[in-house]
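J.: Once you've had a glance at the structure underneath, I'll fire off some questions.
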C-alpha cells in the first residue's frame with residue numbers, strides 16, 4: 135500500500151511537469167450574430183442614408199439635415215412636427231449597445247441583428263436601433279417624438295427608416 139502511494143506521487147509529479155501548453159490561450163468564442171450582408175461603413179455619409187421622401191409620412195424637414203458635432207459620423211434630421219431622426223455610421227458594436235442599454239431587446243432588421251431600445255426621455259419618446267453591419271460596427275438609427283407618443287408608435291415609425299438606411303450602406 136505504501137509502495138502504491140509512493141508510486142502514485144512520483145507519477146503525479148512527473149506527469150505534472152511533463153505537460154505544457156503551447157501557444158496563446160484562446161478566449162471563449164463570441165456567439166453568432168445575425169448579419170445577412172456585411173456592410174462597409176468607411177466613407178458612408180450618414181446624411182445620405184434617409185431621404186426627405188421617406189420622412190414625408192412623419193413630417194417635413196425644418197432645417198437641412200446636418201452632422202452633429204457631439205456625435206461622430208452622425209446626421210440629425212429635424213422635422214417641423216417635433217420629431218427628430220438621428221443616423222450614425224459607423225457606430226459602436228451591437229454588443230456594446232446591448233451591454234449599455236439593458237432595457238432593450240434583440241430584433242431583426244432585414245436579417246441583421248438589431249438592438250432596439252425605447253424609453254421616455256424628458257418630453258420625448260426615444261427609440262434607438264443599433265443594427266449590426268459587421269461584428270464590431272453598427273448603424274444607428276434613432277427617433278425622438280414629442281407630444282405623448284407611445285413607445286409602439288415610435289418603434290413602428292422607426293422601423294421603415296432603419297430598413298431604408300441599412301439598404302443604403304454598401305455591402306462589403
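In this note's numbering, the protein residues as written are 135 to 306. Note that the Cβ used here is the ideal one computed from N, Cα and C, for glycine as well.
DSSP puts residue 280 in a beta bridge; with which residues?
T.: According to DSSP, which records beta bridges pairwise, residue 280 is partnered with 258.
J.: From what residue to what residue does the alpha helix (DSSP H) around residue 189 run?
T.: Its alpha helix (DSSP H) spans residues 186-189.
J.: Is it buried or exposed for residue 194, if we count other Cβ within 10 angstroms and need 16 for buried?
T.: Under this definition residue 194 is an exposed residue.
J.: Are the region 280-296 and the region 167-177 in contact at 8 angstroms, needing three or more beta carbon pairs?
T.: In short, these stretches do not touch, since the Cβ pair count stays below three.
J.: Taking the C-alpha atoms as reference points, what is the distance between residue 380 and residue 191?
T.: Residue 380 lies beyond the range of the chain shown here (135 to 306); nothing can be said about it.
J.: Relative to the C-alpha of residue 181, which residue among 200, 167, 257 and 170 is closest?
T.: That would be 200, whose Cα lies nearest to the Cα of residue 181.
J.: Nearest to residue 223 by alpha carbon, out of 264, 278 and 170?
T.: Of the listed residues, the one whose Cα sits closest to residue 223 is 264.
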